[in-house]
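Residue numbers (the working numbering): 4 to 215.
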């Protein structure tokens with residue numbers, strides 16, 4: 004189990020660009036690790052070469068809420084994009100919309116991806132740029148974003164929200180039924196097919212292998 008994600012309050016930084024795809028979030032040449040960590044230095048790897056890129060500015064170091072534009076995370080299905088954002092320290096991304104797969108990957112990997120209306124995102128971005136210490140709160144229990152003394156409601160996938168609030172992933176949910184699965188395996192007739200160590204097998208398949 005991972006740590007439950009109920010709410011987060013943090014310093015905000017605005018990336019005022021639309022259609023940021025996953026190759027821009029983390030270029031393909033940096034996706035060679037087999038782990039979910041170690042990507043912080045390669046987040047926005049090409050853009051970070053620009054000294055004035057917003058994440059390179061000292062005043063934005065420590066930001067944990069990213070205010071993005073329209074259609075953030077479009078493009079490939081690489082989970083590395085979410086891992087890199089998490090590894091850099093982001094716990095929430097606020098945008099007007101997200102790439103479908105990026106949104107699913109984010110919620111499965113403990114990154115709050117919140118869609119708000121265009122005018123609200125634009126105002127949050129403007130406030131973030133004007134004040135590097137500007138902070139935003141995202142409450143997954145109440146489904147609200149709070150900043151500058153105001154709150155806005157947002158929607159979240161019911162199952163993804165439940166998993167985040169309880170610190171679970173799909174494997175954790177399956178393992179909660181481990182006793183039921185074990186009991187089923189005990190009762191399962193020997194003649195039924197099975198998968199052992201990733202290899203499909205059946206009594207007939209075994210006979211064919213012996214005959215060949």
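Don't be surprised by glycine CBs; every beta carbon is placed ideally from N, CA and C. Quick caveat, the model's predicted, so the values are computed rather than measured.
Going by C-alpha positions, residue 114 is about 13 angstroms away from residue 172. Taking the Cα of residue 109 as reference, the smallest distance to any Cα among 39, 182 and 18 is reached at 39. By the neighbour-count criterion, in which 16 or more other beta carbons inside 10 Å mark a residue as buried, residue 183 falls on the exposed side. CA-to-CA, the gap between residue 101 and residue 179 works out to about 31 angstroms. Between the C-alpha atoms of residue 37 and residue 6 there is a straight-line separation of about 22 angstroms. Judged by DSSP in its simplified three-state form, residue 77 adopts strand. Our two residues, residue 76 and residue 133, have alpha carbons roughly 25 angstroms apart in a direct line. Residue 27 sits away from residue 136, with the two beta carbons spaced by 9 angstroms or more. The C-beta separation of residue 118 from residue 157 comes to about 6 angstroms, placing the pair in contact by the 8 angstroms criterion. Per DSSP, the beta-bridge partners of residue 14 are 138.
Looking at the DSSP output, residue 147 bridges to 142 and 156. Using a 10 angstroms sphere on the CB of residue 194, the tally of other CB atoms stays under 16, which defines it as exposed. For the alpha helix (DSSP H) assignment, the uninterrupted runs of no fewer than 4 residues enclosed by the stretch 70-124 are, from N- to C-terminal side, 83-91 and 103-111. In the structure shown, residue 68 falls within a strand segment according to DSSP collapsed to helix, strand and coil. The three-state reading of DSSP puts residue 175 in helix, counting H, G and I together. Inclusion of residue 130 and residue 116 in the CB contact set at 9 angstroms is not warranted, their separation being larger than that value. Judged by beta-carbon spacing, residue 74 lies within the 9 angstroms limit of residue 22, meaning their Cβ atoms are closer than that value.
In terms of Cα proximity to residue 97, the closest of 189, 11 and 191 is 11. The residues 73, 121 and 124, in chain order, have a CB closer than 6 angstroms to that of residue 99 in the same chain once the five nearest residues on each side in sequence are set aside. Annotation: residue 168 to residue 192 spans about 39 angstroms, alpha carbon to alpha carbon. In this chain, the alpha helix (DSSP H) harbouring residue 26 covers 25-28.
With respect to the C-alpha of residue 45, the residue from 145, 188 and 32 having the closest C-alpha is 32.
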